[in-house]
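This report concerns only the one structure given below.
Protein chains in written order, with this note's numbering: chain H, 1 to 304; chain A, 1001 to 1423.
Written out as structure tokens, the structure reads:
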């Protein structure tokens, strides 16, 4: 039971990071972006490349930060990947979504996002191959917290949770204590009204993509740290991330965080109740239950 | 200017005609081609070598003059190892390309819907290199395959029995099972669990693993909680890597018995050899006969590497036997007619023929005179039972520092006597 909670929190933190970006984009730009999860893959692969570059240039960076499986090179790669992925997200918007936004309608955007997802996924496959890759070949042993009931935690899990918490607190502070944060929230709330009071809309849209992309990159790296990296990370995570976003309520950042943890923990607990083959259905069951009780998600508000 | 342009055009045209003339001379049997359909997961890394091996067999046959004097053209479609894509691929091969013979697919989960919704309704013969689910046997016993289904891969039962023999030999008392949640995996998981129960070995948990889950941590933790002294894995490399890495990091036992699907360098490299030293795997094997070695030799000549990937020798035999049957059935034969001839080219009383160009040439003559042949291929003297199934011996293999090596040979007799002893 407690083990399930621990495992669920870990998956949940990755989903939360992914869901925050998705919910911001969905709310600000008013479209369901199915290519968002591909940003996780981009983030994971950028870090993989940057990790290799750092390790090659500076040998001491290959040392592992004990007791984790992360090397200094990978730690340095995180900010690099955050920035590059954020900029990639902006570029994708500039070259694809913006044009469609200007000329097409919401549904065209959704279809375009499917296309973008396929292109990114296959490009990654072309460049890096379909094989599984790892940041570190070593397997770090779990710490036994208790033997009866058996309770195990991997140091990497603590690391993932720690990094997630830091990122979330930072984001919270930015959103609630800076003019930039206020503007961002204002645009998400009502773009026209925000422009009336002098918020630069296109700049805020760009920033939404940068933040969304950066958070997705963080999620991708943390996912890769605990699991493995392959071009289908995005494909595997897109539905749970959407589930987290919808459960939390579209537009609510705190809802997305909560939604991510709910989906992660529930999938993990599902094994206690359901036969093991059925756990992928859990996110959808949660969506149905939440939407039944609160049609706009847990924290979402009805949009006029 | 105009005149010069005219000369150029004429020059180009005569050059083109010369080329066509040369081509015509080069390819002797090019006056007609027969299309065969091949549906394989070419977008999956282990699928491509299977497709290449199939093409290799076809090339050998074409060198022998083709089937009924016609060159065989492979129309290859990707199944992406996905049932929906696979059925679409098969549909286009049967409906648009009008093939009478379909080779494929790999996973039982893909071959099955192709068989039931495409090939059987359209009277097309289907032969798979790699599907091992016992569901096909059941389907055939119910008469629903109309005798159009064959496979050169032994059923899951052979491997499940080999795995049970290994577990019994090592004396494990509590075993946890992880199986892929598809036709093949469910089969393996169930067969091994049943066998172990009959032997009095405790199966602590049996966990279905879906593809592409966000995390397998919870599944692994559930497996650990039963404190097994060994695990049995019927998984594919991608999920296998994830499960085993998690398993080891949570302090699970390194005693593992694994299915042939994990006989992969990717799995060994990504998990790490040092954690897999105690792992032992099963695979169906070629009988120890000369024809199997002969295949390895011609394969190495063509591809510069040993046929180490899953299903390669089986894919080769499937292609060869299917084309022999096509030859036996004569020109423009339909699916059922080709399927009927399979027994004539795998006749234990027939004239032995080798699995190469010379062998095919010899078979053409014998079959033309109404005789029967015994195909001796990469997996030995293949013989199908009434359900289109083959039996095969098994091998136990282990990972080594640099590759994979065979540990021991489990003969067909040993497998059969074990089957009798527990039933």
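By construction, the Cβ of each residue, glycine as well, lies at the ideal position given by its N, Cα and C atoms.
Since the model is a prediction, treat every value here as computed from it, not as a measurement.
- Just how far apart, CA to CA, sit residue 1274(A) and residue 1243(A)? Between residue 1274(A) and residue 1243(A), the C-alpha separation is close to 16 Å.
- Message: Run through chain A and tell me which residues come within less than 8 Å of residue 142(H), C-beta to C-beta.
- Response: 1249, 1250, 1251
- Can we say the region 1287 to 1306 of chain A touches the region 1367 to 1379 of chain A, given the rule of at least three CB pairs closer than 8 Å? yes
- Item | Chain-order list of residues whose beta-carbon lies under 7 Å from that of residue 1266(A) (same chain, five-residue window excluded) | 1237
- Message: Rounded to the nearest angstrom, what separates residue 1386(A) and residue 1208(A) at their Cα positions?
- Response: As the crow flies, the alpha-carbon of residue 1386(A) is around 32 Å from that of residue 1208(A).
- Item | Interface residues of chain H facing residue 1270(A) [CB-CB closer than 9 Å] | Residue 1270(A) reaches chain H at 131, 132, 133, 134, 137, 228, counting residues in chain order whose Cβ is nearer than 9 Å.
- Task: Spatial neighbours of residue 1140(A) within its chain, please: CB distance less than 7 Å, with the 5 preceding and 5 following residues excluded, ordered by chain position.
- Result: 1149, 1387, 1388
- Item | Segment limits, beta strand (DSSP E) that includes residue 1334(A) | Counting along the chain, residue 1334(A) falls outside any beta strand (DSSP E), and DSSP gives it neither H nor E.
- Rounded to whole angstroms, how far is the Cβ of residue 1316(A) from the Cβ of residue 1056(A), which I believe are closer than 8 Å? 7 Å
- Nearest to residue 1103(A) by CA position, among 1322(A), 1382(A), 1365(A), is which residue? 1322(A)
- At least 3 beta-carbon pairs within less than 8 Å: the region 46 to 56 of chain H vs the region 266 to 274 of chain H: no
- Task: Could you tell me whether the Cβ of residue 277(H) comes closer than 8 Å to any Cβ of chain A?
- Result: yes
- Taking residue 1275(A) as the query, report the chain H residues whose CB atoms sit under 9 Å from its CB, ordered along the chain. 139
- Determine the burial state of residue 57(H): buried for a count of at least 16 other Cβ atoms within 10 Å of its Cβ, exposed for fewer. exposed
- 7 Å Cβ cut-off: residues of chain H touching residue 1266(A): 131, 132
- Query: Are the CB atoms of residue 260(H) and residue 270(H) nearer to each other than 8 Å?
  - Reply: Judged by beta-carbon spacing, residue 270(H) lies beyond the 8 Å limit of residue 260(H), meaning their Cβ atoms are not closer than that value.
- Near residue 1127(A), which residues of its chain fall below 6 Å by C-beta distance, leaving aside the five closest residues on each side in sequence? 1103, 1150, 1318, 1322
- Message: If you reduce the DSSP assignment to three classes, tell me which class residue 291(H) lands in.
- Response: The DSSP-derived three-state label of residue 291(H) is helix.
- Message: I want to verify the contact list: residues of chain A whose CB lies under 7 Å from the CB of residue 211(H), in sequence order.
- Response: The contacting residues do not exist; residue 211(H) stays about 22 Å from chain A at best.
- Query: Mind checking residue 255(H): buried by the 16 CB within 10 Å criterion, or exposed?
  - Reply: buried
- Message: Between the region 278 to 291 of chain H and the region 29 to 43 of chain H, can you find at least three pairs of beta-carbon atoms closer than 8 Å?
- Response: no
- Cβ pair residue 33(H), residue 146(H) closer than 8 Å: no
- Query: CB-CB under 7 Å to residue 1314(A), same chain, minus the five flanking residues each way: which ones, in chain order?
  - Reply: 1129, 1130, 1152, 1153, 1379
- Message: Let me confirm a value: residue 1349(A) is counted as buried when at least 16 other C-beta atoms fall within 10 Å, else exposed. Which label applies?
- Response: exposed
- Could you tell me if the beta carbon of residue 1287(A) falls within a distance shorter than 7 Å of some heavy atom in the ligand ADP? Only the bare structure without any ligand can be found here, which leaves the ligand ADP out of the picture.
- Message: Could you tell me the alpha carbon to alpha carbon distance between residue 1090(A) and residue 1038(A), rounded to whole angstroms?
- Response: 8 Å
- Scan the region 231 to 246 of chain H for residues whose Cβ lies nearer than 7 Å to a Cβ of chain A and list them as they occur along the chain. 232, 235, 236, 237, 240
- Message: Which residue wins for smallest C-alpha separation from residue 64(H), given the options 104(H), 130(H), 182(H), 225(H)?
- Response: For the residues 104(H), 130(H), 182(H), 225(H), the minimum Cα distance to residue 64(H) belongs to 225(H).
- Item | Nearest-angstrom Cβ-Cβ length linking residue 1270(A) and residue 1397(A), presumed shorter than 8 Å | The Cβ separation is near 18 Å, so there is no contact.
- Query: Quick one, which residues of the region 164 to 186 of chain H are near chain A if we go by CB-CB under 7 Å, in chain order?
  - Reply: none
- Message: What does the alpha-carbon distance come out to for the pair residue 1391(A) and residue 1415(A)?
- Response: Here the C-alpha atom of residue 1391(A) lies approximately 10 Å from the C-alpha atom of residue 1415(A).
- Message: Can you confirm whether residue 330(H), when its beta carbon is compared against all beta carbons of chain A, has any partner nearer than 8 Å?
- Response: The structure shown does not extend to residue 330(H), since chain H is modelled only from 1 through 304, so no value can be given for it.
- Item | Through-space distance from residue 1287(A) to residue 1028(A), alpha-carbon basis | Because the pLDDT of residue 1028(A) is 49, which lies under 50, any placement of that residue in the model is unreliable, and the number read from its coordinates should be weighed accordingly. If you draw a straight line from the Cα of residue 1028(A) to the Cα of residue 1287(A), it comes to about 37 Å.
- Query: In chain A, which residues lie less than 7 Å from residue 3(H) when you measure between Cβ atoms?
  - Reply: Those are 1221, listed as they occur along chain A.
- Query: Quick check: the region 66 to 81 of chain H against the region 130 to 147 of chain H, are there 3 or more CB pairs under 8 Å?
  - Reply: Touching, yes, given that three or more Cβ pairs across the two stretches are closer than 8 Å.
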